[in-house]
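Enquirer: Chains as they are written, first to last, in my numbering: chain A, 297 to 565; chain B, 6 to 397. Using N, Cα and C, we set each Cβ at its ideal position, and we do this for glycine too.
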Amino acid sequence: MSDTKGVLVDITRCIDCESCVVACRLYNGLEVKDNSVEQTQAEKDKLATDKWTVVQKYKIEKNGNAVRRFVKEQCLHCLEPACASACFSKAFQKTPEGPVVYNEKLCVGCRYCMIACPFEIPRYEWDKAFPRVQKCQMCLARVAGNQMPACASVCPTGAIAFGNREELLKEARSRIAANPGLYVNHIYGEKEAGGTSWLYLSDVPFEQLGFRTDVPYRPIPDYTWQVLRWTPHIFIGWGALLTGMYMYTRRRAEVQAEEEMYAPVDKDE
Amino acid sequence: MARTLHFGRWHFRLTPTRYVLIFLTVAMLVAAAVRLVTGLGAVTNLSDQWPWGLWIGFDLLSGIALAGGGFSTAFLVHVLHKDKYAPVVRAALLTSLLGYIIACLSLFLDVGRWYNFWRPFVYWGYHSVLFEVFWCISLYTVVQIIEFGDIFLEKVKFPALKRIIERAMPFLLILGIALPTLHQSSLGSLFIVAVGKLNPLWWSMLIPFFFVWSAFFLGPAMVTLEGTMAARAYKREPELPVYASLTKVTMWMLIIYFIVKIIDLNYRGVLSLAFNGSFESNMFLLEMVVFVAIPIIMYAIPSIRNTQWGVFTASFLVVAGVILNRANVCFTGMAQAAGAPYSPSIWEWAITLGLWSVLILGYCFIVENFAILPREEHGKTVTSSSGVELRA
Chain A
297 MSDTKGVLVD
307 ITRCIDCESC
317 VVACRLYNGL
327 EVKDNSVEQT
337 QAEKDKLATD
347 KWTVVQKYKI
357 EKNGNAVRRF
367 VKEQCLHCLE
377 PACASACFSK
387 AFQKTPEGPV
397 VYNEKLCVGC
407 RYCMIACPFE
417 IPRYEWDKAF
427 PRVQKCQMCL
437 ARVAGNQMPA
447 CASVCPTGAI
457 AFGNREELLK
467 EARSRIAANP
477 GLYVNHIYGE
487 KEAGGTSWLY
497 LSDVPFEQLG
507 FRTDVPYRPI
517 PDYTWQVLRW
527 TPHIFIGWGA
537 LLTGMYMYTR
547 RRAEVQAEEE
557 MYAPVDKDE
Chain B
6 MARTLHFGRW
16 HFRLTPTRYV
26 LIFLTVAMLV
36 AAAVRLVTGL
46 GAVTNLSDQW
56 PWGLWIGFDL
66 LSGIALAGGG
76 FSTAFLVHVL
86 HKDKYAPVVR
96 AALLTSLLGY
106 IIACLSLFLD
116 VGRWYNFWRP
126 FVYWGYHSVL
136 FEVFWCISLY
146 TVVQIIEFGD
156 IFLEKVKFPA
166 LKRIIERAMP
176 FLLILGIALP
186 TLHQSSLGSL
196 FIVAVGKLNP
206 LWWSMLIPFF
216 FVWSAFFLGP
226 AMVTLEGTMA
236 ARAYKREPEL
246 PVYASLTKVT
256 MWMLIIYFIV
266 KIIDLNYRGV
276 LSLAFNGSFE
286 SNMFLLEMVV
296 FVAIPIIMYA
306 IPSIRNTQWG
316 VFTASFLVVA
326 GVILNRANVC
336 FTGMAQAAGA
346 PYSPSIWEWA
356 ITLGLWSVLI
366 LGYCFIVENF
376 AILPREEHGK
386 TVTSSSGVEL
396 RA
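(1) Between the Cα of B:C109 and those of B:I142, B:A91, B:Y128, B:G117, spot the shortest distance and give me the residue it belongs to.
(2) Can you tell me which of the three DSSP states A:Q443 falls into?
(3) So if DSSP puts A:E459 in a beta bridge, which residue, or which two residues, is it bridged to?
(4) Determine, using beta carbons only, whether A:C375 and A:D346 come nearer to each other than 8 Å.
(5) Within 10 Å of its beta-carbon, does A:W566 have 16 or more other beta-carbons around it, so buried, or fewer, so exposed?
(6) Mind listing the chain A neighbours of B:W352? Cutoff is C-beta to C-beta under 9 Å, in chain order.
(7) At the level of alpha carbons, what is the spacing between B:V297 and B:A220?
(8) Which runs of the beta strand (DSSP E), 3 residues or longer, sit entirely within the region 477-564 of chain A?
(9) I'd like to check one pair, B:K167 with B:L158: are the Cβ atoms closer than 8 Å?
(10) Using a Cβ-Cβ distance cut-off of 8 Å, determine whether A:P392 contacts chain B.
(11) List, in chain order, every chain B residue whose beta-carbon is nearer than 9 Å to that of A:Y519.
(12) B:D64 CB to nearest chain A CB: under 8 Å?
(13) Could you check whether the Cβ of A:F502 sits closer than 8 Å to any Cβ belonging to chain B?
(14) Please say whether B:L51 and A:A382 have beta carbons closer to each other than 8 Å?
(15) For the region 505-519 of chain A, list every residue whose C-beta sits within 8 Å of some C-beta in chain B, in sequence order.
(16) List the endpoints of the continuous beta strand (DSSP E) containing A:K355.
(17) Please determine, among B:I371, B:T43, B:G46, B:L29, the residue with the shortest C-alpha to C-alpha distance to B:A412.
(18) Please report whether the beta-carbon of A:E467 lies at a distance below 8 Å from any beta-carbon of chain E.
(19) Could you tell me the boundaries of the alpha helix (DSSP H) in which B:K266 lies?
(20) What are the start and end residues of the alpha helix (DSSP H) that includes B:A355?
(21) Compare the C-beta of B:S286 with all C-beta atoms of chain A and state if any pair is closer than 8 Å.
(22) Of the choices A:A437, A:W526, A:R419, whose alpha-carbon is the least far from that of A:K431?
(23) Reducing DSSP to helix, strand and coil, say where B:H11 ends up.
(24) What residues of chain B sit near A:L402, judged by a beta carbon separation below 8 Å?
(25) Which residues of the region 415-426 of chain A have a Cβ closer than 9 Å to any Cβ of chain B? Give them in chain order.
(26) Whole angstroms is fine: what's the gap from A:S470's alpha carbon to A:F458's?
(27) Which bits of chain A does B:T186 rub up against, with CB to CB less than 7 Å?
(28) For B:Y368, collect the residues of the same chain with a Cβ closer than 7 Å to its Cβ; drop the 5 residues on either side in sequence, then sort them by chain order.
(29) How close, in whole Å, do the beta carbons of A:A489 and A:P414 come, if the pair is a contact with beta carbons under 8 Å?
(30) With a cut-off of 8 Å, do at least 3 Cβ pairs link the region 514-528 of chain A to the region 201-219 of chain B?
(31) When the cut-off is 8 Å and only beta carbons count, does B:I170 lie next to chain A?
(32) Below 8 Å, how does it come out for the region 325-341 of chain B and the region 197-206 of chain B: are there three or more Cβ pairs, yes or no?
(33) Determine, for B:P164, whether the minimum Cβ-Cβ distance to residues of chain A falls below 8 Å.
(34) Identify whether B:Q149 lies in helix, strand or coil by the three-state DSSP scheme.
(35) Taking the beta carbon of B:D115 as the centre, do at least 16 other beta carbons fall within 10 Å, making it buried, or is it exposed?
(36) Please return the same chain residues whose Cβ sits closer than 6 Å to the Cβ of B:I156, not counting the five positions on each side in sequence.
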C-alpha cells in the first residue's frame, strides 16, 4: 500500500474556476441532463449521477472578515472503503493504485453502499429501469498509467496535487509547518475513516466547510468485521448445541402423535 | 357474497374481506409491473438521502422479525421438546414461511438490477453483512419449503419423497433454527456500518443481539396474535392455556432485553440522549416504555395474562414494539444523517399492502386445505384438554 496514489486538495489555493468539474465531465463522458435555469446554485453544486465532482461554495467568517472558500467534493477513495465492505456482490473494489471503483455488471442494486458510505458520496440513477450507482472513479485508467486524474491535470492554481499518498502527506505537513499561521493544523483524510486517498488542507476549520468531522478514525469495515467474523463459529457452535439439546430431550412416538394432532379447518365453520 | 371455489381437492372460500384482499393483491401486481418498467424513481419516494425505504424498513426488517415465531416455537417444541406448545407450531411455521416469501418478493422489487439477484451466490462479498443475510434467508426459505413439504405430502400422497423428508427432518429442524439465529442478528448488524449516521440510541455493537433477541421473544407474542385472530375468524376456541404459558418466555426475555439496553446505553455514555426531549429521544422512550415495560408488567400479573384480552393486548404491544424498533432503526435513527424527510409514496404502500394481503390469503387457503391448526372436535380443541393447565 506504500505506493498507493492519492490527491491533495489545498482549499486555500482554489479559486472556483470549475475547470476540474468540466474536465471530469469530458473525460468520463458525463452529460448533465437537468441544466434548467430554475435550479438554484446550491442544487447545481450537488453531486449527482452525472456530476462526479462539484465545487461547493461557502461564505464564512474568518478573523472577523467575510471570506469565500471553495471545496471540491468527490469520492474520497477510502483506504478501507465502507462501500466495498458493504457490497455483497463485489461490485465495489479498492484497487492497489488507490481508486475505489464500481463495476455495474456485478451490481444488484441494493444500495447498501449508500447506507455504508460515511461521506454520503454514492448517487443512484433513480430514473432508470436498471439503475447504476455513480461516483468518482478517480480516473482509474489514467492513475494506473501513472497519469494524474483528469481534474488534477487541468487545475490552473495547483490546488489539486497528485502523487504517492505518503509523499502527499509529507508535502501537506511541510506546507502546514511552513505556514502555521495560515493552515488549520489538520490534514482531513489522513485518519478519517481509517484514512482516505484524497487529502484536504484548509485555512478555516473543516466543520465550517461541510466536512463531517465526527467520522471515526477506525476503518469502518473493522466495526462490521468485529461482529461478522464470529458467524461461522456461532453457526457451528449453536448448531452443535441445538443438536445436543435435541438428542437429550428427544421423545419417541412423536411423529405418530403429530399426524393426528392437526387437521384442515372446517370449510363450513 | 360468500361462496366457495372448488378446484380438484382444493377449495377456497370467498368472503367480503377476502375480496378486499384480492383487490389489494391485484393493485400490488399492477404497481409491481409499473415499478419494474419505470424504475424506482418514478414510483417511490426513495432518494440519495433515503436509499432504503418502506420495503426494507418494514417489509424486510419487520417481516422477517414477525416471522420469528417460526424459529422460536420450533426451538421450544422440536429442540427442547416442550410438547405443550405443539398445537401452535405448525401455524407458526406457516406464517414464517409466508413471511419469508413476502420478504424475498419485496427485496426482489426493491433491488435496482433484479436480474443480477443471483450474483452474491457466485461473487462472494463475504465481508458484507448483507452477504450473510442473503445466503441465510435464501437457505432458510428453502429449508422452510422442505419442512412444509412434509405437511403438504400428508395430503398429496407421495410416500417415497415423504420418507426422504422425514429422514432429513431432524437436520432440517436444526438448520431451521441455526440459520434464522444468524440472519435475525445480521439484520441488525447491517446497521453497524452506519456508525456515526445511525442515532446512538439505536446504533450499538450489540445491535445484532438486540435484533435476534427481539425476534425470538416476538415469536410467542406473534403466535398469540395470529392464533387469536385465526380462532376468531374460524370461530374456534383460542389456545389460551398455550398463550398464557408462553408469556413466561416472552416476559423474561423482555426483562433481559430492557436491562441490557440500559446497560449498553450507559456503557457507551449516551443514556442521557434518551431524555433530551428530541424527536429521537421521544421515539426511543415510547418504544421502551409502552412497548417493552408495559408488556412486562401485563405478563407479570396473572389476572391479566390468563385472560384472552390481556394476553392478546400485551402480545399486540410486543409485536407493535418490535415493528416500531425496526422503524426507529431504519427511519427515526437515520433521519438526522439523511437531512431530509421521507414518507413512502402511494405506490410503495400499494406494494407493501398487496404483499401482506397475499400472506393473509395464503394463510387462509393453507389452513383450510392442510392440517395446520389443531384438530377440533365438538367446538373444543383436542389439545387444550390434554396436559396444559392454566397457571394462576
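Expert: In short, the structure shows the following:
(1) Counting from 1 along the second sequence, the entry for residue 109 of chain B is found at position 104. The shortest Cα separation from B:C109 among B:I142, B:A91, B:Y128, B:G117 belongs to B:I142.
(2) What you label residue 443 of chain A is simply residue 147 of the first sequence in a count that begins at 1. Looking at A:Q443 - three-state DSSP - the assignment turns out to be coil, as it is neither helix nor strand.
(3) Numbered from its first residue, the first sequence carries residue 459 of chain A at position 163. This sequence places Gly at residue 459 of chain A; Glu is not what is there. Its beta-bridge partners are A:G302.
(4) Translated into positions along the first sequence, residue 375 of chain A becomes position 79. Translated into positions along the first sequence, residue 346 of chain A becomes position 50. The sequence shown places Leu at residue 375 of chain A, not Cys. No; because the gap between Cβ atoms is not below 8 Å, this pair is not in contact.
(5) The first residue shown for chain A is 297 and the last is 565, placing residue 566 of chain A beyond what the model contains.
(6) Within the second sequence, the letter at position 347 stands for residue 352 of chain B. None at all; the shortest Cβ gap to chain A is about 13 Å.
(7) Numbered from 1 along the second sequence, position 292 holds the residue referred to as residue 297 of chain B. Numbered from 1 along the second sequence, position 215 holds the residue referred to as residue 220 of chain B. Their Cα atoms are separated by approximately 13 Å.
(8) Counting only runs of 3 or more, we get 494-497.
(9) Looking up residue 158 of chain B in the second sequence gives position 153. Looking up residue 167 of chain B in the second sequence gives position 162. Contact flag set, yes.
(10) Taking the first residue of the first sequence as 1, we reach residue 392 of chain A at position 96. No, no contact with chain B.
(11) In the first sequence, residue 519 of chain A corresponds to position 223, counting from 1. Going along chain B in sequence order, the residues near A:Y519 (Cβ under 9 Å) are I197, V198, V200, M210.
(12) Position 59 of the second sequence, counting from 1, holds the residue named residue 64 of chain B. So, not an interface residue.
(13) By 1-based counting over the first sequence, the position of residue 502 of chain A is 206. Not closer than 8 Å to any Cβ of chain B, the Cβ of A:F502 fails to qualify, so no.
(14) Translated into the one-based positions of the first sequence, residue 382 of chain A becomes position 86. Translated into the one-based positions of the second sequence, residue 51 of chain B becomes position 46. It is not a contact, given that the beta carbons lie outside the stated cut-off.
(15) R508, D510, V511, P512, I516, P517, Y519
(16) Taking the first residue of the first sequence as 1, we reach residue 355 of chain A at position 59. Segment 350-358, the beta strand (DSSP E) holding A:K355.
(17) Since the first residue shown for chain B is 6 and the last is 397, residue 412 of chain B is missing from the structure and cannot be characterised.
(18) The question asks about chain E, but that chain is absent: this structure's protein chains are A and B.
(19) What you label residue 266 of chain B is simply residue 261 of the second sequence in a count that begins at 1. Boundaries of the alpha helix (DSSP H) around B:K266: 245-272.
(20) As a first step, residue 355 of chain B must be located in the second sequence, where it is residue number 350. Per DSSP, B:A355 belongs to the alpha helix (DSSP H) from 351-374.
(21) Here residue 286 of chain B refers to the residue found at position 281 of the second sequence. No, because no Cβ of chain A sits closer than 8 Å to the Cβ of B:S286.
(22) Locating residue 431 of chain A in the first sequence gives position 135, where the first residue counts as 1. Among A:A437, A:W526, A:R419, the Cα nearest to that of A:K431 belongs to A:R419.
(23) Looking up residue 11 of chain B in the second sequence gives position 6. Strand.
(24) As a first step, residue 402 of chain A is located in the first sequence; it is residue number 106 there, counting from the start. Those within 8 Å of A:L402 in chain B are N121, R124, Y128.
(25) E416, P418, R419, Y420, E421, W422, D423, K424, A425, F426
(26) Reading the first sequence from its first residue, position 174 is the one you call residue 470 of chain A. Reading the first sequence from its first residue, position 162 is the one you call residue 458 of chain A. Roughly 16 Å separates the two Cα atoms.
(27) By 1-based counting over the second sequence, the position of residue 186 of chain B is 181. Per Cβ cutoff of 7 Å: W534.
(28) Walking along the second sequence from the start, residue 368 of chain B turns up at place 363. Around B:Y368: L99, T100, L103.
(29) Here the question's residue 489 of chain A lines up with position 193 in the first sequence. Here the question's residue 414 of chain A lines up with position 118 in the first sequence. Contact flag correct, Cβ pair sits at about 5 Å.
(30) yes
(31) As a position in the second sequence, residue 170 of chain B is number 165, starting the count at 1. Answer no: the Cβ-Cβ gap between B:I170 and chain A never drops below 8 Å.
(32) The region 325-341 of chain B vs the region 197-206 of chain B: in contact.
(33) Taking the second sequence and counting its residues from 1, the one referred to as residue 164 of chain B is at position 159. With 8 Å as the cut-off, B:P164 does not count as an interface residue toward chain A.
(34) For this step, residue 149 of chain B is matched to residue 144 along the second sequence. Note: B:Q149 maps to helix in three-state DSSP.
(35) Taking the first residue of the second sequence as 1, we reach residue 115 of chain B at position 110. B:D115 should be labelled buried.
(36) Here residue 156 of chain B is taken as the residue at index 151 of the second sequence, counted from 1. Around B:I156: F375.
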